[in-house]
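Undergrad: Let me give you the structure first, and then I'll get to my questions.
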């Protein structure tokens with residue numbers, strides 16, 4: 001019988017710890033599929049953040065290390081110096097990357113570090129129980145803004161793709177959304193392009209995934225997807241911000 | 001082998017290069033700036049990699065990443081910078097990743113000043129990191145000793161899979177002395193990393209199984225078992241890493257306890273006291289953790305007073321009192337803020353302490 005589908009060897013055959021309706025599992029899978037398809041699972045080193053996806057190393061079938069909160073881009077920069085021929089990536093949430101790690105991500109991009117950052121933006125702190133993130137939308141409720149975020153109290157949500165794309169040595173910046181199968185397939189192509197550019201040594205590559213957190217948003221998985229593709233995508237446009245010529 | 005005259009900071013950087021350091025990460029801070037400057041042009045010549053980090057936070061984490069993936073990582077900073085690195089050092093110890101950090105210390109607290117200080121004693125021996133962590137700390141009293149300690153620190157860090165700190169005060173970074181440089185070790189290639197560091201995250205093709213370097217352990221009993229494992233290593237360190245020197249202890253009435261720059265001044269003070277007919281000796285801890293308690297058993301029956309002599313308001317004195325265990329009165333001679341006393345000042349104050357304990 002012809003095999004038409006099999007799970008990627010990049011994911012370990014275990015249940016993930018993620019909530020129903022969370023997009024981490026999808027993001028994990030498409031990254032691992034891209035690595036497997038290019039035969040690089042055994043030549044890849046990943047850095048996980050602080051947050052729900054600190055557990056990614058229990059699911060991704062590659063060598064990985066944990067990170068202090070927000071410092072994954074610095075850690076990946078160190079790994080890259082020892083392993084110039086491997087694929088190196090960081091996998092970071094929005095609290096980790098856009099708040100405590102805002103300095104490290106900006107400077108990794110600024111140095112043109114030849115690794116890829118996968119940024120999972122679900123507009124909230126997940127693991128710690130739903131606090132406001134820099135990415136939390138105006139009016140969105142969180143445990144540290146129970147009546148909804150206001151501009152007066154917390155400023156406007158931070159758009160990381162827009163920020164990173166102003167840095168010259170960040171050569172590929174794109175925001176994708178994991179709300180339906182078609183967009184998951186598109187996201188996978190974007191991941192693949194980012195890895196191509198990393199392997200070509202052209203500079204820093206950054207992929208933001210608009211994601212869902214039904215648990216901390218207080219929505220059902222279906223409602224969460226709807227909120228992601230409306231409210232989230234309205235403030236965070238899904239598009240390519242920059243890419244090198246020929247990609 | 002012939003000696004060369006070198007500035008301390010440059011000699012320290014060269015020592016790391018000769019120890020096979022493959023990666024250096026630094027951020028400018030006085031009085032250690034010659035180290036990143038030297039590394040920026042010399043490390044690449046030796047085949048290593050240099051990054052001027054955006055902060056000390058980034059530098060220590062870069063070193064963690066480089067070392068977790070098999071590199072020999074070196075960082076240097078000065079006191080306020082070390083404060084910023086504390087989280088990374090504790091995390092790195094928890095992850096059992098070997099890195100070597102050099103603190104060319106200055107006066108504090110806060111931004112403080114840029115003249116030599118030893119008020120980082122607590123910071124290096126007690127740390128600012130959370131949790132149960134010990135970090136071996138070695139304090140040289142001259143450039144040659146610092147070169148030798150840096151050269152061997154990488155092996156110690158890798159053997160124990162733990163950070164190691166070298167604590168050289170700013171005087172040593174800025175002064176010049178003749179130094180004999182050790183032979184250059186090669187930077188480990190991928191095959192050597194796979195052979196010597198089978199735990200490193202080098203990609204699963206490079207080793208058996210899958211490697212994960214991690215700290216998070218949510219189950220209390222699992223975390224406790226990990227900490228107990230770390231403390232088995234630390235118990236071994238307490239047996240194997242104690243370093244100290246003693247001088248003139250025989251018949252000494254005054255026993256100075258001092259490290260780094262202060263130990264050099266005490267050596268002068270001992271000569272001056274001898275001219276006055278007072279016998280004084282010196283215990284010089286080289287390992288500050290583990291603290292050399294055993295050295296105190298070499299003190300003779302004539303000893304009347306132990307004097308912890310420090311460029312701080314008295315931090316090491318806690319360990320001195322602990323080691324003295326009530327056998328002798330312990331007193332303090334201290335200057336701080338970057339003020340370095342003269343040997344004459346030490347003599348005067350030591351004599352007063354001697355008279356005081358003798359009830360004169």
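Residue numbers (our numbering), protein chains in the order written: chain A, 1 to 247; chain B, 1 to 360.
Cβ atoms here follow ideal geometry from the backbone N, Cα and C, with glycine treated the same way.
Could you tell me the boundaries of the alpha helix (DSSP H) in which residue 243 of chain B lies?
TA: Where residue 243 of chain B is concerned, there is no enclosing alpha helix (DSSP H), given that its DSSP letter is neither H nor E.
Undergrad: Could you check the C-alpha separation between residue 320 of chain A and residue 226 of chain B for me, to the nearest Å?
TA: What is shown of chain A runs 1 to 247, which leaves residue 320 of chain A out entirely.
Undergrad: Of all the CB atoms in chain B, is at least one closer than 7 Å to the CB of residue 201 of chain A?
TA: It does not; no Cβ of chain B falls within 7 Å.
Undergrad: Since residue 210 of chain B meets chain A, which of its residues come closer than 8 Å, beta carbon to beta carbon?
TA: 61, 62, 63, listed in chain order.
Undergrad: Using the Cβ count rule (16 or more neighbours within 10 Å means buried), how would you classify residue 358 of chain B?
TA: Classification of residue 358 of chain B: exposed, given that the 10 Å Cβ count is below 16.
Undergrad: Hey, is residue 261 of chain B's beta-carbon within less than 7 Å of any beta-carbon in chain A?
TA: No, residue 261 of chain B does not count as interfacial toward chain A.
Undergrad: How would you label residue 149 of chain A, buried or exposed, when you count the other beta carbons within 10 angstroms and need 16 or more for buried?
TA: Classification for residue 149 of chain A: buried.
Undergrad: Roughly how many angstroms separate the alpha carbons of residue 270 of chain B and residue 203 of chain B, rounded to a whole number?
TA: Roughly 57 Å separates the two Cα atoms.
Undergrad: With which residues is residue 76 of chain B paired in a DSSP beta bridge?
TA: For residue 76 of chain B, which the question treats as bridged, DSSP gives the partners B:26, B:102.
Undergrad: Closer than 7 Å, Cβ to any Cβ of chain A: which residues of the region 194 to 207 of chain B, in chain order?
TA: Cβ contacts with chain A: 201, 202, 203, 204, 205.
Undergrad: Give a single yes or no on whether residue 187 of chain A has its beta carbon closer than 6 Å to a heavy atom of the ligand GTP.
TA: Looking for the ligand GTP in the displayed structure turns up nothing, as the structure carries no ligands at all.
Undergrad: For a minimum of 3 consecutive residues, which ranges assigned as the beta strand (DSSP E) are wholly contained in the region 173 to 238 of chain A?
TA: As far as the region 173 to 238 of chain A is concerned, its whole beta strand (DSSP E) runs of at least 3 residues are 204 to 210.
Undergrad: Around the C-beta of residue 132 of chain A, are 16 or more other C-beta atoms found within 10 angstroms, so that it is buried, or is it exposed?
TA: Residue 132 of chain A comes out buried.
Undergrad: Taking the C-alpha atoms as reference points, what is the distance between residue 211 of chain B and residue 94 of chain B?
TA: Those two C-alpha atoms are separated by around 16 Å.
Undergrad: What does DSSP give as the partner residues of residue 178 of chain B in its beta bridges?
TA: Beta-bridge pairing links residue 178 of chain B to B:5.
Undergrad: Please classify residue 10 of chain B as buried or exposed, where buried requires at least 16 neighbouring CB atoms within 10 angstroms.
TA: Answer is buried; the Cβ neighbour count reaches 16.
Undergrad: Is there at least one Cβ from chain B nearer than 7 Å to residue 75 of chain A's Cβ?
TA: Output row for residue 75 of chain A: interface = yes.
Undergrad: Give every residue of the same chain whose Cβ lies closer than 7 Å to the Cβ of residue 65 of chain B, excluding the five residues on either side of it in the sequence, and list them in chain order.
TA: Excluding sequence neighbours, residue 65 of chain B sits near nothing in its chain.
Undergrad: Helix, strand or coil for residue 250 of chain B per DSSP?
TA: DSSP places residue 250 of chain B in coil when its eight states are reduced to three.
Undergrad: Here's the rule: buried if 16 or more other CB atoms are within 10 angstroms of the residue's CB, otherwise exposed. What is residue 162 of chain B?
TA: Buried, because 16 or more other Cβ atoms sit within 10 Å of the Cβ of residue 162 of chain B.
Undergrad: Taking C-beta pairs closer than 7 Å, name the residues in chain B that residue 68 of chain A reaches, listed in chain order.
TA: 61, 87, 88, 91, listed in chain order.
Undergrad: Any beta carbon of chain B sitting closer than 7 Å to that of residue 82 of chain A?
TA: Interface residue, yes.
Undergrad: Below 7 Å CB to CB, which residues in the same chain sit around residue 149 of chain B once its five sequence neighbours on both sides are set aside?
TA: Cβ neighbours of residue 149 of chain B beyond the five flanking positions: 138, 140, 166.
Undergrad: DSSP on residue 121 of chain A, reduced to helix/strand/coil?
TA: Of the three classes helix, strand and coil, the one that applies to residue 121 of chain A here is strand, per DSSP.
Undergrad: Roughly how many angstroms lie between the CA atoms of residue 256 of chain A and residue 312 of chain B, to the nearest whole one?
TA: Nothing about residue 256 of chain A can be reported from this structure: the residues present for chain A run from 1 to 247 only.
Undergrad: Looking only at its own chain, which residues have a Cβ that is under 6 Å from the Cβ of residue 23 of chain A, when we skip the five neighbours before and after it?
TA: Cβ neighbours of residue 23 of chain A beyond the five flanking positions: 178, 211, 212.
Undergrad: Taking the beta strand (DSSP E) that residue 252 of chain A falls in, what are its first and last residues?
TA: The requested residue 252 of chain A does not occur in the structure, where chain A is confined to residues 1 to 247.
Undergrad: Are the C-beta atoms of residue 45 of chain B and some chain A residue less than 7 Å apart?
TA: Closer than 7 Å: no.
Undergrad: Would you mind sorting residue 176 of chain B into buried or exposed? The rule is 16 or more other CB atoms within 10 Å of its CB.
TA: Under this definition residue 176 of chain B is an exposed residue.
Undergrad: Which of helix, strand or coil does DSSP assign to residue 310 of chain B?
TA: If DSSP states are grouped into helix, strand and coil, residue 310 of chain B belongs with the strands.
Undergrad: Using DSSP's beta-bridge definition, name the partner residues of residue 284 of chain B.
TA: DSSP, once it has assigned bridges, lists B:245 as partnering residue 284 of chain B.
Undergrad: Take every Cβ of the region 247 to 258 of chain B, pair it with every Cβ of the region 299 to 318 of chain B, and state whether three or more of those distances are shorter than 8 Å.
TA: Contact between the region 247 to 258 of chain B and the region 299 to 318 of chain B is present, because at least three Cβ pairs lie under 8 Å.
Undergrad: So is residue 57 of chain A in contact with chain B if we call contact Cβ pairs under 7 Å?
TA: Taking Cβ atoms only, chain B reaches closer than 7 Å to residue 57 of chain A, which makes this a yes.
Undergrad: Could you list which residues in chain A have their beta carbon closer than 8 Å to that of residue 25 of chain B, in chain order?
TA: Those are 78, listed as they occur along chain A.
Undergrad: Closer than 8 Å, Cβ to any Cβ of chain B: which residues of the region 24 to 48 of chain A, in chain order?
TA: Answer in chain order: 41, 42, 43, 44, 45, 47.
Undergrad: Identify the contact partners of residue 107 of chain A in chain B, using a Cβ-Cβ distance below 7 Å as the criterion.
TA: Ordered by position in chain B, the residues that pass the 7 Å Cβ test against residue 107 of chain A are 54, 58.
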